[in-house]
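For what it's worth, numbering that gives the first Met the number 0 labels the leading residue of the sequence shown as 0, then goes sequentially.
Glycine included, C-beta positions come from ideal geometry on N, C-alpha and C.
Please read all numbers here as calculations on a predicted model, not as lab measurements.
Following: one structure in structure tokens, then a few remarks.
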Amino acid sequence: MIRLNRYALMGSPPLLDTACYRYELPQRLIAERPSCERGDSRLLHLGPAGDEHRRFDDLTKLLRAGDLLVLNNTRVMPARLFGRKTTGGSVEILVERVTGEPREAWVQLGASRTPKVGTEIALGDERTEIVARDGRLFLLRSQTPWRALMSEQGTVPLPPYIRRQAGPEDRERYQTVYARTDQERSAAAPTAGLHFTEKLLQHLRTESGVRTAELTLHVGAGTFLPVKTSHPSAHHLHSESVEIDRPLCRAVEDTRSGGGRVIAVGTTCVRALEACSLVHGGALKPWTGETDLFIYPGSGFRFAVVDGLISNFHLPESSLLMLVCAFAGHERVMRAYRTAAASGYRFYSYGDATLMYRAET
Numbered sequence: 000m001i002r003l004n005r006y007a008l009m010g011s012p013p014l015l016d017t018a019c020y021r022y023e024l025p026q027r028l029i030a031e032r033p034s035c036e037r038g039d040s041r042l043l044h045l046g047p048a049g050d051e052h053r054r055f056d057d058l059t060k061l062l063r064a065g066d067l068l069v070l071n072n073t074r075v076m077p078a079r080l081f082g083r084k085t086t087g088g089s090v091e092i093l094v095e096r097v098t099g100e101p102r103e104a105w106v107q108l109g110a111s112r113t114p115k116v117g118t119e120i121a122l123g124d125e126r127t128e129i130v131a132r133d134g135r136l137f138l139l140r141s142q143t144p145w146r147a148l149m150s151e152q153g154t155v156p157l158p159p160y161i162r163r164q165a166g167p168e169d170r171e172r173y174q175t176v177y178a179r180t181d182q183e184r185s186a187a188a189p190t191a192g193l194h195f196t197e198k199l200l201q202h203l204r205t206e207s208g209v210r211t212a213e214l215t216l217h218v219g220a221g222t223f224l225p226v227k228t229s230h231p232s233a234h235h236l237h238s239e240s241v242e243i244d245r246p247l248c249r250a251v252e253d254t255r256s257g258g259g260r261v262i263a264v265g266t267t268c269v270r271a272l273e274a275c276s277l278v279h280g281g282a283l284k285p286w287t288g289e290t291d292l293f294i295y296p297g298s299g300f301r302f303a304v305v306d307g308l309i310s311n312f313h314l315p316e317s318s319l320l321m322l323v324c325a326f327a328g329h330e331r332v333m334r335a336y337r338t339a340a341a342s343g344y345r346f347y348s349y350g351d352a353t354l355m356y357r358a359e360t
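So, in structure tokens, the structure goes:
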């Protein structure tokens, strides 16, 4: 497994500080649940002639024959569980990842008092124990394999800014239509993909001449954490596992040789593709590894693979917003976010979407 260090990217000092990624958003614009069917959401197109208000299914007009749409096929685990410390007190558990030992998992814990190593937590009749800690994560050992525990007791891990409990409808709606059951290892959805329907994907392939290819990046719950340092360079981004296969590499190569554009569906696809290219010196080759790649304006990073990005709207002062600003330009993106808020777009996981292109500089 290859682990990519973010500091390898810092060819120049940061040009912006974290305060440059703040924006005002009324609570009413945070999407608590989907407001429409997949494919019917709004799309803010950051086009060459300026911002355009579109519908998501207008992608059939905005994407071109020969373009390649890259999808993240990871699937969300039922990663939220509720238990009690054997000494008293309730605990909320969010599984980040199951280790190579199926009875051990790295988790986030929510409790009135931070538990210590050695604390036992009961999940119904199941007894678990905290055996290690690494920053915000705890290694929790159980008697039963964690995948079985999640299947029996787990619920959909909706993001923290959604102020309701997950319901039965979220089990299907908080997954992409192309999520693979054998890739159920994410603690959060790659939300840009939630807008796609099978019908829209089929139309893009057969009528619009757009190709599709898949990669896997398993999303960690740390994706929602804000950057709490005053300068992005001091922030450590969580590591996520990536799988890129040979058919995807060939598809990118064919798209390039044919004059098409590589359009990433979500920041997870951008991160996976660009990390893979960086590992291989600018080339895209099959790769299985981990990356903590942190892309932000002023980091010295240069995009090598992705030409266009379909994305949802991201939280203020988040690493995802910083990546988007590095990709399409800070001033352009922040202006578009202000436009979206003024125009009543819905924000975050169950909200509306954007389509933007790589800035020339």
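1) Hey, could you find the ends of the alpha helix (DSSP H) E171 is sitting in?
2) Specify, as a first and last residue, the run of the beta strand (DSSP E) that Q152 falls within.
3) What is the DSSP secondary structure of S111, reduced to helix, strand or coil?
4) Quick one: measure Cβ to Cβ for T211 and L319, integer angstroms, because I've assumed they're closer than 8 Å.
5) Decide yes or no for the touch test of the segment 197-204 against the segment 293-300: beta carbon pairs closer than 8 Å, at least 3 of them.
6) Can you round the beta-carbon distance between V226 and T17 to whole angstroms, since I take them to be within the 8 Å contact cut?
7) Residues in its own chain within less than 7 Å of Q152 by CB, not counting five upstream and five downstream?
8) From the DSSP secondary-structure annotation, give me the bridge partner or partners of P225.
9) Taking just the CA atoms, how far does A186 sit from S232?
10) For the alpha helix (DSSP H) that L308 lies in, which residues bound it at each end?
11) What are the boundary residues of the alpha helix (DSSP H) that includes K60?
12) Figure out for me which residue from F223, H217 and G265 has the closest Cα to the Cα of G307.
13) Assign T98 to one of two classes, buried (16 or more other C-beta atoms within 10 Å of its C-beta) or exposed (fewer than that).
14) Could you give the first and the last residue of the continuous alpha helix (DSSP H) run that contains E197?
15) In terms of residues, what are the limits of the beta strand (DSSP E) holding E125?
16) How big is the Cα-Cα spacing for P315 and P285?
17) Work out the CA separation of R170 and R345 for me, nearest whole Å.
18) What three-state label does DSSP hand L292 in the structure shown?
19) By alpha-carbon positions, which one of Q107, R357 and V75 ends up nearest to Q182?
20) Once the 5 residues before and after C19 are set aside, which same chain residues still bring their CB inside 6 Å of it?
21) Rounded to whole angstroms, what is the Cα-Cα separation between S240 and T113?
22) Does the separation of the CB atoms of L136 and V130 fall below 8 Å?
23) Could you work out which residue in L354, R357 and A339 is closest to L28 when comparing CA atoms only?
24) Would you grab the beta carbon distance between A165 and V176 for me? Rounded to a whole angstrom, and I think it's under 8 Å.
25) What is the residue span of the beta strand (DSSP E) that V264 lies within?
26) Taking only three categories from DSSP, how would you classify V304?
27) Give the straight-line distance between the Cα atoms of Y247 and S111, rounded to the nearest whole angstrom.
28) Can you tell which of S34, A282 and L354 has its C-alpha closest to the C-alpha of H44?
29) Which residues in the same chain as R53 place their Cβ atom closer than 6 Å to its Cβ, once the five residues preceding and following it in sequence are excluded?
30) Considering only C-alpha positions, which residue in the set S89, P144 and E128 is nearest to P101?
31) Under the DSSP definition of a beta bridge, which residues are partnered with S185?
32) How many Å lie between L214 and A78 at the Cα?
33) For G343, collect the residues of the same chain with a Cβ closer than 8 Å to its Cβ; drop the 5 residues on either side in sequence, then sort them by chain order.
Short version:
1) For E171, the enclosing alpha helix (DSSP H) stretches over residues D169 to R172.
2) In the DSSP assignment, Q152 falls outside any beta strand (DSSP E) and lies within the alpha helix (DSSP H) extending over W145 to Q152.
3) DSSP places S111 in coil when its eight states are reduced to three.
4) In fact, because the Cβ distance is near 23 Å, the residues do not count as touching under 8 Å.
5) Segments in contact, no.
6) So it is a contact: roughly 5 Å between Cβ atoms.
7) Closer than 7 Å at the Cβ level, and outside the excluded window around Q152, lie L80, L122 and G123.
8) DSSP output for P225 lists S317 as bridge partner(s).
9) Those two C-alpha atoms are separated by around 25 Å.
10) Premise fails: L308 lies in the beta strand (DSSP E), G307 to N311, not in any alpha helix (DSSP H).
11) Counting along the chain, the alpha helix (DSSP H) containing K60 begins and ends at L58 to L61.
12) Of F223, H217 and G265, the residue nearest in Cα terms is G265.
13) Classification for T98: exposed.
14) Element bounds for E197: E197 to T205.
15) First-last of the beta strand (DSSP E) with E125: E125 to D133.
16) One C-alpha to the other measures close to 34 Å.
17) So the alpha carbons of these two residues sit roughly 21 Å apart.
18) Three-state DSSP puts L292 in coil, outside helix and strand.
19) Of the listed residues, the one whose Cα sits closest to Q182 is V75.
20) Result list for C19: empty, nothing under 6 Å.
21) Rounded to the nearest angstrom, the gap between the Cα atoms of S240 and T113 is 27 Å.
22) 8 Å or more divides the Cβ of L136 from the Cβ of V130.
23) Relative to the Cα of L28, the nearest Cα in the group L354, R357 and A339 belongs to A339.
24) In fact, because the Cβ distance is near 19 Å, the residues do not count as touching under 8 Å.
25) Segment V261 to V264, the beta strand (DSSP E) holding V264.
26) In the structure shown, V304 sits in coil (DSSP, three-state: anything other than H, G, I, E or B).
27) A small fix is needed here, since residue 247 is Leu in this sequence, not Tyr. Taking the straight line joining both Cα atoms gives about 46 Å.
28) Of S34, A282 and L354, the residue nearest in Cα terms is L354.
29) Short of 6 Å from the beta carbon of R53, and not among the five residues preceding or following it, lie these beta carbons of its own chain, in chain order: L42 and H44.
30) The candidate whose alpha carbon is nearest that of P101 is P144.
31) Among the bridge pairs identified by DSSP, S185 is matched with V75.
32) One Cα belongs to L214, the other to A78, and the distance between them is close to 22 Å.
33) Cβ-Cβ distances below 8 Å link G343 to L28 in the same chain, with the five nearest sequence neighbours on each side left out; the list follows chain order.
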